[in-house]
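Colleague: Provided herewith is a single structure, encoded as structure tokens, for subsequent inquiry.
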Amino acid sequence: MKLCRRAAELAEYRGTVGFVPTMGALHEGHLSLVKACREACDTTVVSIFVNPTQFNDPTDLKNYPRTEAEDLALLEAAGVDFVFAPSVEEIYPTPDTRVFDFGGLDRVMEGEHRPGHFNGVGQVVSRLFEIVRPNKAFFGEKDFQQLAIIRYMTAQLGLPIEIVGCPIVRDTDGLARSSRNTLLSPEHRAAAPHIYAVLSEAAKSLRGTVPVDDAKRIIAERIDANPLLKTEYVEIAEADTLRPATDWAKTPGTLRCFVAVHAGPIRLIDNIAF
Ligand code: PAF
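Position one of the sequence shown corresponds to residue 44 (our numbering), numbered consecutively onward.
In structure tokens:
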């Protein structure tokens, strides 16, 4: 495995190139992306870069877990060929002032609640795509809205990169794997699986039985029944356009339910097919 700090060091690729962008603090979710990438491509490149432009909350950026030595050991064991772990100056030699138009995909849910977040994601992912020049790039469905936005951006920029979405990886108790889980207190960690328990029960019993708005309210009430959790939003939207569903019968596409929940100071997101 070759560790590269500079863009120019990424050279001598073999065959098709797969790319897994990360912000480090790696877990099973990331490793599932690496596995999918290795199965589909001859060369696997993973980036580790905590991108400052996508954090709308400076405390979140400061506290974001950074575990580079452990990450490198995991990636070596996983059979990765190149790790790109650049400095902020390497990615942004001058401030990135580009403003993206994501066709409205960024106006709901995470985009609405974290202003500027997806513009920062667009900046870093387009820059990483330019540097790494992959044939395929792998993203987890836990960040379902991010995946939709990256697909849109890649098509809009006309980049010849196939965007591959990979299923959410969960702990045995149902909590979606996230780098932020390590920041949860033991009490909040114990409470957090309640989110998926509510979502999976709702996916079985609520679709079509009550109006969409009632389903969203009921899901929020059920999550908030745990005193350690506080729902920020519940949305039920079309999986491809992310347009909020208003009426089960009038919604043609596959639906997904999306939530953001505060577990003490840590904000968790999750989603499920609905
Ligand atoms: O999903 C993430 O970890 C980040 O948003 C990404 C795609 C690596 C861009 O910084």
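For glycine and all other residues, C-beta sits at the position ideal for the given N, C-alpha and C.
Nothing here was measured: the structure is a model prediction, and the numbers come from that model.
Kindly confirm or deny that the region 178-191 and the region 207-214 touch, where touching means at least three C-beta pairs closer than 8 Å.
Modeller: As far as the Cβ criterion goes, the region 178-191 touches the region 207-214, which means the pair count is three or higher.
Colleague: Which partner residues of F125 appear in the DSSP bridge assignment?
Modeller: Its beta-bridge partners are K45 and V88.
Colleague: Relative to the C-alpha of I211, which residue among A50, F187 and R250 is closest?
Modeller: If we check each option's Cα against that of I211, F187 comes out closest.
Colleague: Buried or exposed for G165, please, with buried defined as at least 16 other CB atoms from any protein chain shown within 10 angstroms of its CB.
Modeller: So G165 ends up on the buried side.
Colleague: By the DSSP assignment, the beta strand (DSSP E) with F172 in it spans what residues?
Modeller: F172 -> not in any beta strand (DSSP E); alpha helix (DSSP H) instead, spanning H160 to V175.
Colleague: Tell me, to the nearest whole angstrom, how far the beta carbon of A258 is from that of A245; I am working on the premise that it is less than 8 Å.
Modeller: Right, their Cβ atoms sit about 7 Å apart.
Colleague: Please write down, chain order preserved, every residue whose beta carbon lies under 6 Å from a heavy atom of ligand 1.
Modeller: Qualifying residues, in the order they occur: P64, T65, M66, N94, Q97, V164, V167, V168, D186 and Q189.
Colleague: Excluding five sequence neighbours on each side, which residues of the same chain lie with their C-beta closer than 7 Å to the C-beta of A191?
Modeller: Excluding sequence neighbours, A191 sits near L148 and L285.
Colleague: Please give me, in chain order, every unbroken run of the beta strand (DSSP E) with length at least 3 that falls completely inside the region 244-311.
Modeller: For the region 244-311, whole beta strand (DSSP E) runs of length 3 or above, ordered along the chain, are 272-281 and 298-306.
Colleague: Just list the residues that DSSP pairs E205 with in beta bridges.
Modeller: DSSP, once it has assigned bridges, lists K179 as partnering E205.
Colleague: Taking C-beta to C-beta, are R109 and V93 nearer than 8 Å?
Modeller: Yes, the Cβ-Cβ distance between R109 and V93 is below 8 Å.
Colleague: According to DSSP, is F62 part of a helix, a strand, or is it coil?
Modeller: Correct three-state label for F62: strand.
Colleague: Is A79 helix, strand or coil when you go by DSSP?
Modeller: Looking at A79 - three-state DSSP - the assignment turns out to be helix.
Colleague: Counting C-beta neighbours from all protein chains within 10 Å, is the total for S228 16 or more, i.e. buried, or is it exposed?
Modeller: S228 should be labelled exposed.
Colleague: Grouping DSSP H, G and I as helix and E and B as strand, with all else coil, what is R141?
Modeller: It is coil, neither helix nor strand.
Colleague: When the Cα atoms are used, what is the spatial distance from V89 to F317?
Modeller: For V89 and F317, the distance between alpha carbons rounds to 32 Å.
Colleague: Less than 6 Å between C-beta atoms, sequence neighbours within five positions excluded: which residues of the same chain meet that for H73?
Modeller: The residues are T65.
Colleague: Buried or exposed, going by whether 16 or more other CB atoms sit within 10 Å of the CB of P129?
Modeller: With 16 or more Cβ atoms within 10 Å of its Cβ, P129 is classed as buried.
Colleague: So, M196 versus S221, is the Cβ gap smaller than 8 Å?
Modeller: Their beta carbons are not under 8 Å apart, which means M196 does not touch S221 by this criterion.
Colleague: Between the region 250-265 and the region 153-161, do three or more beta carbon pairs fall short of 8 Å?
Modeller: No contact exists between the region 250-265 and the region 153-161.
Colleague: H231 and I309: beta carbons closer than 8 Å?
Modeller: Contact: yes.
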